[in-house]
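Novice: Protein chains in written order, with our numbering: chain U, 1 to 233; chain L, 234 to 304.
The C-beta atom is built at its ideal place from N, Cα and C for all residues, glycine as well.
Structure incoming, see below.
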């Protein structure tokens, strides 16, 4: 029970996120209005996803250094939870964009579909999707672990350019782009994010990340039991 | 374990019965859920979902812990 304090912390933080996230006063910005509260949910999905992919990449490197099958199990399950969070982030982003970007008279569906941030995020998720396709195409366990570990490092190298760097170099409706006068980085202190929102946003990021780590460890522990005969420690 | 569960279910049932009698009285404490455009209802349902998700994760966690001990 002593080792489980962070699971309780995660619950407390997320309970706080849901309650305070809905009730705390937010700055009333044009078009976006109350939907700014999505910051506590949509943005946190991406933050948690990046954490999952970082951990996954570290375990892939550890696998290549040690060739321990255990590290491969860690890498694939963290990547799986990260991809799931990415899909959740993409879906919530699509919903949010539908009610904020499309209401502006100058915006049409065509300009939203050209969004570099959306395309970049889709590329990143598809690269990680290919990681699972690649894994599924091997029958030999060692070969699968080795090749997919190398591919996972490549996928991680593509992650930050496609979701952060390229969208910020071209005009975008998404906060953080040069054309949107929202400043860089996306969480501008003066306009978008006041101190009350930070009070909810940072605990929300930590809470969602801890919950994703918990889910990933559950998947890992399950697979460790299932593949017990394959792990020689 | 089984006896404890029976006692517990009776206890929870008694609690639920008392709640229905509260609802008929329309106490002030229940007016919170009817105020402010009923936003508190949404907050409560989101909280239930988060709590339910954590309960589910906790139960899976316990099951896996049991399996780990057996092996």
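Going by DSSP in three states, residue 82 of chain U sits in which element: helix, strand or coil?
Specialist: Translated into the one-based positions of the first chain, residue 82 of chain U becomes position 82. Residue state, collapsed to three classes: helix.
Novice: Near residue 205 of chain U, which residues of its chain fall below 7 Å by C-beta distance, leaving aside the five closest residues on each side in sequence?
Specialist: Against the first chain, residue 205 of chain U aligns to sequence position 205. Excluding sequence neighbours, residue 205 of chain U sits near 44 and 47.
Novice: Assess, as a yes-or-no matter, whether the stretch 141 to 154 of chain U is touched by the stretch 52 to 65 of chain U under the definition of 3 or more beta carbon pairs within less than 8 Å.
Specialist: With a cut-off of 8 Å, the stretch 141 to 154 of chain U and the stretch 52 to 65 of chain U count as touching, because enough Cβ pairs lie within range.
Novice: Considering only their Cβ atoms, is the gap separating residue 155 of chain U from residue 121 of chain U smaller than 9 Å?
Specialist: Taking the first chain and counting its residues from 1, the one referred to as residue 121 of chain U is at position 121. Taking the first chain and counting its residues from 1, the one referred to as residue 155 of chain U is at position 155. Their beta carbons are not under 9 Å apart, which means residue 121 of chain U does not touch residue 155 of chain U by this criterion.
Novice: For residue 237 of chain U, which option in U:126, U:132 and U:93 has the closest C-alpha, if you only look at C-alpha atoms?
Specialist: Residue 237 of chain U lies beyond the range of chain U shown here (1 to 233); nothing can be said about it.
Novice: Any chance you could list the alpha helix (DSSP H) runs of at least 4 consecutive residues sitting entirely within the stretch 32 to 101 of chain U, in chain order?
Specialist: Correct list: 42 to 66 and 69 to 100.
Novice: Relative to the alpha-carbon of residue 40 of chain U, which residue among U:19, U:29 and U:50 has its alpha-carbon at the smallest distance?
Specialist: Reading the first chain from its first residue, position 40 is the one you call residue 40 of chain U. Closest by alpha carbon: U:19.
Novice: Chain L beta carbons: is any one of them nearer than 9 Å to that of residue 216 of chain U?
Specialist: Counting from one through the first chain, the residue named residue 216 of chain U turns up at place 216. No, residue 216 of chain U lies away from the interface with chain L (no Cβ there is under 9 Å from its Cβ).
Novice: State the DSSP-derived secondary structure class of residue 114 of chain U, mapped to helix, strand or coil.
Specialist: As a first step, residue 114 of chain U is located in the first chain; it is residue number 114 there, counting from the start. Residue 114 of chain U falls in the coil class under three-state DSSP.
Novice: Does residue 272 of chain L come within less than 9 Å of chain U when only Cβ atoms are used?
Specialist: The sequence position of residue 272 of chain L within the second chain is 39, counting from 1. So, interface residue.
Novice: Could you name the residues of chain L that residue 11 of chain U contacts, counting a contact when the two beta carbons are closer than 7 Å?
Specialist: Within the first chain, numbered from 1, the residue matching residue 11 of chain U stands at position 11. Within chain L, the residues near residue 11 of chain U are 287.
Novice: Of all the options U:13, U:224, U:31 and U:53, which has the alpha carbon lying nearest to the alpha carbon of residue 159 of chain U?
Specialist: Numbered from its first residue, the first chain carries residue 159 of chain U at position 159. Of U:13, U:224, U:31 and U:53, the residue nearest in Cα terms is U:53.
Novice: Please report the Cβ distance between residue 112 of chain U and residue 96 of chain U, rounded to the nearest whole angstrom; I am assuming they are in contact, meaning their Cβ atoms lie under 8 Å.
Specialist: By one-based count along the first chain, residue 112 of chain U stands at place 112. By one-based count along the first chain, residue 96 of chain U stands at place 96. Contact flag wrong, Cβ pair sits at about 11 Å.
Novice: Between which two residues does the alpha helix (DSSP H) harbouring residue 268 of chain L extend?
Specialist: Position 35 of the second chain, counted from the start, is the residue given in the question as residue 268 of chain L. Element bounds for residue 268 of chain L: n/a, residue is neither H nor E.
Novice: Does residue 300 of chain L get closer than 9 Å to chain U when you measure Cβ to Cβ?
Specialist: On the second chain, position 67 is the one that residue 300 of chain L refers to. For residue 300 of chain L, the answer is yes, since a Cβ of chain U falls inside 9 Å of its Cβ.
Novice: Would you verify that the beta carbon of residue 25 of chain U is, or is not, closer than 9 Å to some beta carbon of chain L?
Specialist: As a position in the first chain, residue 25 of chain U is number 25, starting the count at 1. So no, residue 25 of chain U is outside the interface.
Novice: Comparing alpha-carbon positions, which option in U:135, U:222 and U:202 lies nearest residue 301 of chain L?
Specialist: Locating residue 301 of chain L in the second chain gives position 68, counting from the first residue. Nearest of U:135, U:222 and U:202 to residue 301 of chain L, Cα basis: U:222.
Novice: With H, G and I counted as helix, E and B as strand and the rest as coil, what does DSSP make of residue 4 of chain U?
Specialist: Indexing the first chain from 1 puts residue 4 of chain U at position 4. Helix at residue 4 of chain U.
Novice: Quick check: is the beta carbon of residue 18 of chain U nearer than 9 Å to any beta carbon in chain L?
Specialist: As a position in the first chain, residue 18 of chain U is number 18, starting the count at 1. Chain L contact via Cβ: present.
Novice: Using three-state DSSP, classify residue 29 of chain U as helix, strand or coil.
Specialist: Locating residue 29 of chain U in the first chain gives position 29, counting from the first residue. In this structure, residue 29 of chain U counts as coil in the three-state DSSP scheme.
Novice: Can residue 215 of chain U and residue 68 of chain U be called in contact, C-beta distance under 9 Å?
Specialist: As a first step, residue 215 of chain U must be located in the first chain, where it is residue number 215. As a first step, residue 68 of chain U must be located in the first chain, where it is residue number 68. Cβ atoms of residue 215 of chain U and residue 68 of chain U: not closer than 9 Å.
Novice: In three-state DSSP terms, what is residue 138 of chain U?
Specialist: Position 138 of the first chain holds residue 138 of chain U. Coil at residue 138 of chain U, not helix or strand.
Novice: Under the criterion of a Cβ to heavy atom distance below 8 Å, does residue 228 of chain U qualify as lining the ligand FMN?
Specialist: Absence of the ligand FMN is noted for the structure shown, with no ligands found whatsoever.
Novice: How close, in whole Å, do the beta carbons of residue 225 of chain U and residue 304 of chain L come, if the pair is a contact with beta carbons under 8 Å?
Specialist: Position 225 of the first chain, counting from 1, holds the residue named residue 225 of chain U. Position 71 of the second chain, counting from 1, holds the residue named residue 304 of chain L. About 6 Å separates the two Cβ atoms, so the contact holds.
Novice: State the CB to CB distance for the pair residue 117 of chain U and residue 172 of chain U, rounded to an integer number of angstroms; the pair is presumed to be in contact (CB under 8 Å).
Specialist: Within the first chain, the letter at position 117 stands for residue 117 of chain U. Within the first chain, the letter at position 172 stands for residue 172 of chain U. Residue 117 of chain U to residue 172 of chain U, Cβ: 5 Å. Contact.
Novice: Can you tell me the Cα-Cα spacing of residue 201 of chain U and residue 273 of chain L, whole angstroms?
Specialist: Sequence index remark: in the first chain, residue 201 of chain U carries index 201 (1-based). Sequence index remark: in the second chain, residue 273 of chain L carries index 40 (1-based). Rounded to the nearest angstrom, the two C-alpha atoms are 20 Å apart.
Novice: When you compare the CB of residue 15 of chain U with every CB in chain L, is at least one pair closer than 9 Å?
Specialist: For the purposes of this step, residue 15 of chain U is taken as the residue at position 15 of the first chain. So yes, residue 15 of chain U belongs to the interface.
Novice: Buried or exposed, going by whether 16 or more other CB atoms sit within 10 Å of the CB of residue 270 of chain L?
Specialist: The residue given as residue 270 of chain L occupies position 37 in the second chain. Exposed is the call here.
Novice: Could you give the first and the last residue of the continuous alpha helix (DSSP H) run that contains residue 195 of chain U?
Specialist: Translated into positions along the first chain, residue 195 of chain U becomes position 195. Residues 195 to 226.
Novice: Just mark residue 139 of chain U as buried or exposed, buried being the case when its beta carbon has 16 or more other beta carbons within 10 Å.
Specialist: Residue numbering aside, residue 139 of chain U sits at position 139 when the first chain is read from its first letter. Residue 139 of chain U comes out exposed.
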